[in-house]
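Under the numbering used here, the residues of the sequence shown are numbered 5 to 168, in order. Ideal placement from N, C-alpha and C gives every residue a C-beta, glycine not left out. Presented below is the structure to which this report refers.
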Amino acid sequence: MDKVMNIASYICEEYRKISGEAIDEMKLHKLLYLSQRESLAITGEPLFSEAFEGWKYGPVCVSVRIHFYDGIMNQGDAKDISDSAAYIVKNMILQYGELASWKLSQISHEEISWKNSRRGLDINQHGNVELNLEDIKIDSEKVRPYDSIYDMYLDEFEDYEETK
Numbered sequence: 005m006d007k008v009m010n011i012a013s014y015i016c017e018e019y020r021k022i023s024g025e026a027i028d029e030m031k032l033h034k035l036l037y038l039s040q041r042e043s044l045a046i047t048g049e050p051l052f053s054e055a056f057e058g059w060k061y062g063p064v065c066v067s068v069r070i071h072f073y074d075g076i077m078n079q080g081d082a083k084d085i086s087d088s089a090a091y092i093v094k095n096m097i098l099q100y101g102e103l104a105s106w107k108l109s110q111i112s113h114e115e116i117s118w119k120n121s122r123r124g125l126d127i128n129q130h131g132n133v134e135l136n137l138e139d140i141k142i143d144s145e146k147v148r149p150y151d152s153i154y155d156m157y158l159d160e161f162e163d164y165e166e167t168k
C-alpha cells in the first residue's frame with residue numbers, strides 16, 4: 005500500500021506535466037478519491053489507508069489538506085509510489101483532469117460513500133464523517149476501469165480478468 009502524501013504529490017506533479025497548470029485543492033481531493041475508487045475497482049485493494057471525510061463539496065483527505073499549498077504538496081515524494089499506483093493515478097488524471105473542479109465535486113456527490121457520510125447534515129453544513137471504505141467499494145463496482153493510454157476499457161483487453 006502506498007502513502008497518501010506520495011500519491012498526492014504524484015497527482016500534483018503529473019497534473020502540472022499534463023495540463024501545464026498547478027492543481028487546485030478541490031481537484032486534488034477529487035482525483036485522490038477517484039484514484040482510491042479506481043484501485044478498488046481494478047485490484048480490489050485501496051491505494052492508501054488514510055480516510056476521506058464527507059465535506060460539503062465532496063470527499064476530502066484531511067491529512068493531505070494540511071500539507072497542500074498553492075498547487076504543491078509540502079510533504080511526500082512523488083517518485084516513491086508503486087508502478088500500479090502511478091498507472092491508476094495517471095489514468096484518473098487523463099480521464100478526469102480536464103473537468104472543472106466543480107464538475108468533479110458534482111460527480112463525487114453521486115457516490116454512495118459521500119451520500120452516506122452526509123446523512124443528517126444540511127447541504128451547507130461542513131461535515132466530518134469518514135467515508136466508509138466498504139461504501140467506496142460499492143461505488144467502485146459501478147466503475148468500468150479505463151486505460152487512457154490505450155483509450156479503451158480494461159475489460160476490452162483479451163487477457164483481462166476481473167479481480168472481484
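| task | Specify the secondary structure class of Val64 as computed by DSSP and reduced to three states. | result | strand
| task | Measure the C-alpha to C-alpha separation of Gln99 and Arg41 and round it to an integer number of angstroms. | result | 14 Å
| When the Cα atoms are used, what is the spatial distance from Lys2 to Gly80? | Any answer about residue 2 is impossible in this case: the structure gives the chain only from 5 up to 168.
| field | Burial state of Asp143 (16 or more Cβ within 10 Å) | value | buried
| request: Kindly provide the ranges of any alpha helix (DSSP H) runs that are 4 or more residues long and lie completely inside the segment 101 to 149, ordered along the chain. | output: 105 to 112, 116 to 121, 137 to 145
| request: Grab me the residues of Ser39's own chain with a C-beta within less than 7 Å of its C-beta, minus the 5 sequence neighbours each way, in chain order. | output: Ile11, Leu51, Ile92, Val93, Met96
| field | Any 3 or more C-beta pairs closer than 8 Å across the segment 18 to 33 and the segment 123 to 132 | value | no
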